[in-house]
Amino acid sequence: MTESILVLDNVSKSFARTDADAITHALDSINLTVRQGEFVSVVGPSGCGKSTLLRLIAGLIYPTTGEIKLDKEKVEGANPDRGMVFQKPTLFPWLTVRENVAYSLKVQKKYNDEKDEVDRLISKVGLDEFKDSYPHQLSGGMAQRVSLIRTMINKPRVCLLDEPLGALDAFTRMNMQDELLNMWRENSQITVMVTHDVDEAIYMSNRVIVMAPRPGRIRECIDINLEYPRNRLSDNFVSYRREILGMLDFGKKEA
Ligand SMILES: Nc1ncnc2c1ncn2[C@@H]1O[C@H](COP(=O)(O)OP(=O)(O)OP(=O)(O)O)[C@@H](O)[C@H]1O
Ligand SMILES: [Mg+2]
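All letters in the sequence shown, in the order written, are residues 4 to 258 by this note's numbering.
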């Protein structure tokens, strides 16, 4: 099979505002290429267009100008090839954890072949005891983990993750970063992850994209040239941290 490639060519997105004749320039002239097997993280201040970027790639909204292509085909509308994990967990409230994870396999008539995979993934994210619980019985962090594996089970060619670990406590979050990296390595899909956590971005990705707001644009792309698994305390890791936090204007007080 040929290598997948995702290309955003000069993509801009504006939204009409209901309160005035004004327009919100959510994204301006985004150029980005992500190849199969690449894990890219996107960081930047609130409102700089990170979720908009993922929703455009998912095909849930369309660019105002420019074009998005996956394997030379124009992205038009949603498709299971491009799986999205939303900033707020989206689960069917009337289905149990297990049923939520199995849902898309059942729709695609793949469930009988992949029954074990449902249990394997639930176990990987530490929710064995909650298989038969309903979404309202879960904590925010648990629901987020279910949301994540519900998308990953489809093995999409492109994984779009919008702060997928944002609701987790620090320890669970670090474990889940490793689990997510394992899943990525198993399938080597194109992955674009939005995060507010610069450490998480450096720990997980091949490349970190730093965005700037108004209009949302790419400020810098930083290749992370570190072997996996990464050591968060190594000098190189810390110098990437300093570099990226500096770009986000958090590092100014550092010596
Ligand atoms: N459907 C919409 N209609 C109108 N404006 C929108 C819509 N979606 C996003 N916007 C605007 O586009 C800009 C970017 O929003 P977006 O949700 O992409 O930001 P974000 O970087 O994901 O922020 P956060 O870190 O808070 O999640 C914001 O100014 C927002 O108000
Ligand atoms: Mg967002």
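Every residue gets a Cβ at the ideal spot worked out from N, C-alpha and C, and that includes glycine.
Thinking just about the alpha-carbon of each residue, which of the options is nearest to the one in residue i?
i: residue 83; options: 212, 156 and 40; result: 156
i: residue 124; options: 144, 150 and 16; result: 150
i: residue 103; options: 237, 145 and 14; result: 145
i: residue 16; options: 56, 142 and 162; result: 56
i: residue 260; options: 169, 30, 235 and 227; result: No information on residue 260 is available, as it lies outside the stretch 4 to 258 that the chain covers here.
i: residue 89; options: 177, 143, 166 and 42; result: 166
i: residue 163; options: 187, 175, 48 and 99; result: 187
i: residue 250; options: 234, 212, 233 and 228; result: 212
i: residue 34; options: 201, 13 and 47; result: 13
i: residue 42; options: 207, 252, 214 and 233; result: 207
From what residue to what residue does the beta strand (DSSP E) around residue i run?
i: residue 86; result: 85-88
i: residue 127; result: Unbroken run through residue 127 is the alpha helix (DSSP H), 114-127; no beta strand (DSSP E).
i: residue 70; result: 68-73
i: residue 200; result: Here residue 200 belongs to no beta strand (DSSP E), and DSSP marks it neither H nor E.
i: residue 53; result: Counting along the chain, residue 53 falls outside any beta strand (DSSP E), though it belongs to the alpha helix (DSSP H) covering 53-61.
i: residue 215; result: 210-215
i: residue 13; result: 8-19
i: residue 34; result: 26-38
Take the Cβ of residue i as the centre, count every other Cβ of all protein chains shown within 10 Å, and call the residue buried at 16 or more, exposed below.
i: residue 258; result: Residue placement at residue 258 is flagged as unreliable, the pLDDT there being 37, under the threshold of 50; the coordinate-derived value follows with that caveat. So residue 258 counts as exposed.
i: residue 185; result: exposed
i: residue 111; result: exposed
i: residue 267; result: Nothing about residue 267 can be reported from this structure: the residues present for the chain run from 4 to 258 only.
i: residue 77; result: exposed
i: residue 242; result: exposed
i: residue 52; result: buried
i: residue 86; result: buried
i: residue 11; result: buried
Note the first and the last residue of the continuous alpha helix (DSSP H) segment covering residue i.
i: residue 188; result: 173-190
i: residue 239; result: 238-250
i: residue 146; result: 143-155
So does the stretch 95-107 actually touch the stretch 121-138, counting three or more Cβ pairs closer than 8 Å? The stretch 95-107 makes contact with the stretch 121-138; the number of CB pairs closer than 8 Å reaches 3 or more.
In chain order, what are the residues with a CB under 7 Å from some non-hydrogen atom of ligand 2? 53, 54, 90, 165, 166 and 197
Does the stretch 6-22 touch the stretch 34-42, meaning 3 or more C-beta pairs lie closer than 8 Å? yes
Tell me, please, whether the stretch 193-200 touches the stretch 42-59 by the rule of three or more beta-carbon pairs shorter than 8 Å. Between the stretch 193-200 and the stretch 42-59 there are three or more inter-stretch CB-CB distances shorter than 8 Å, so the stretches are counted as touching.
Does the stretch 215-228 touch the stretch 170-182, meaning 3 or more C-beta pairs lie closer than 8 Å? no
Do the stretch 223-230 and the stretch 67-75 meet, that is, are 3 or more Cβ pairs less than 8 Å apart? no
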